[in-house]
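Residue numbers (this note's numbering): 31 to 268.
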């Protein structure tokens, strides 16, 4: 067999191996997704408890249902920019809740999503829900530091991602290590003035299985092409 033919055979084998490896990787991602779904589903099915009753270990409380009472500090609320919903640009409104964690500690409440054409500019006063609040929702954590500045440029009341230490400095008060994502029925509350509540992450399996099948199919095509090539070469030699 010529060098050219050997190179073609090697290329087909490498392509098939790479495609199989990518298919296996996608199956691994599918397994991780299923484990995450089980984790989230289990936490959301736990009964709601007062926020103060949750364990101090933040690693085991994410997505737990919780309730908290306090008063909203609308003068210090801000938005998380660049949050899309059903393909529409918008932002999340985050409002400090005072008197909820004891002492001066502030609990941040993600009250939900509102439409914003530039995904940043929101008329915050329009979305107030009353000063005293009894919030029910699920617990989320502060994210790991992202790339770039947490604050949105030239926007004093806008963040790209939540930086707990920066928020605490700007509020002039300690901030609880957990974020409460408000949920609950908004019927009868003037729903046109209530931000669309943020849902927990979807518990579907994503596209990983389809991608795995595609990669395995590509591997099959490469091997089928190689088999056809080898068969044709053998016929030429006869």
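All C-beta atoms, glycine included, are put in the ideal place defined by N, C-alpha and C.
Residue j beta carbon less than 8 Å from that of residue i
i           : j           : result
residue 190 : residue 125 : no
residue 242 : residue 36  : no
residue 100 : residue 142 : no
residue 96  : residue 70  : no
residue 140 : residue 228 : yes
residue 94  : residue 76  : yes
residue 86  : residue 127 : no
residue 157 : residue 223 : yes
residue 138 : residue 54  : no
Residues near residue i in its chain [Cβ-Cβ closer than 8 Å; skip 5 each side]
i           : result
residue 149 : 111, 112, 113, 114, 119, 120 and 121
residue 218 : Confidence in residue 218 is poor, its pLDDT being 46 and thus under 50, which makes the residue's placement unreliable; the coordinate value appears in the next sentence. If we look at residue 218 and ignore the five residues flanking it on each side, it has no Cβ neighbours.
residue 92  : 73, 169, 170 and 171
Start and end residues, beta strand (DSSP E) containing residue i
i           : result
residue 269 : This structure cannot speak to residue 269, because the chain is shown only from 31 to 268.
residue 168 : 162-171
residue 55  : Residue 55 -> not in any beta strand (DSSP E); alpha helix (DSSP H) instead, spanning 33-75.
residue 128 : 120-128
residue 108 : 108-110
residue 212 : 205-212
Cβ-based neighbour list, residue i, same chain, cut-off 7 Å, excluding 5 preceding and 5 following
i           : result
residue 234 : none
Residue span of the alpha helix (DSSP H) that contains residue i, given as start and end
i           : result
residue 252 : 238-267
residue 201 : 194-201
6 Å CB neighbourhood of residue i in its chain, flanking five on each side removed
i           : result
residue 203 : 134 and 136
residue 152 : 109, 121, 144 and 146
residue 253 : 46
residue 207 : 88
residue 196 : 180
Closest residue to residue i among the options (Cα-Cα distance)
i           : options               : result
residue 161 : 103, 94 and 244       : 103
residue 42  : 265, 267, 262 and 256 : 256
residue 237 : 62, 224 and 38        : 62
residue 230 : 167, 183, 173 and 240 : 167
residue 57  : 263, 240 and 116      : 240
| query | Can we say the stretch 205-214 touches the stretch 43-51, given the rule of at least three CB pairs closer than 8 Å? | reply | no
| task | Determine, using beta-carbon pairs with one atom in the stretch 243-254 and one in the stretch 178-186, whether at least three such pairs fall under 8 Å. | result | no
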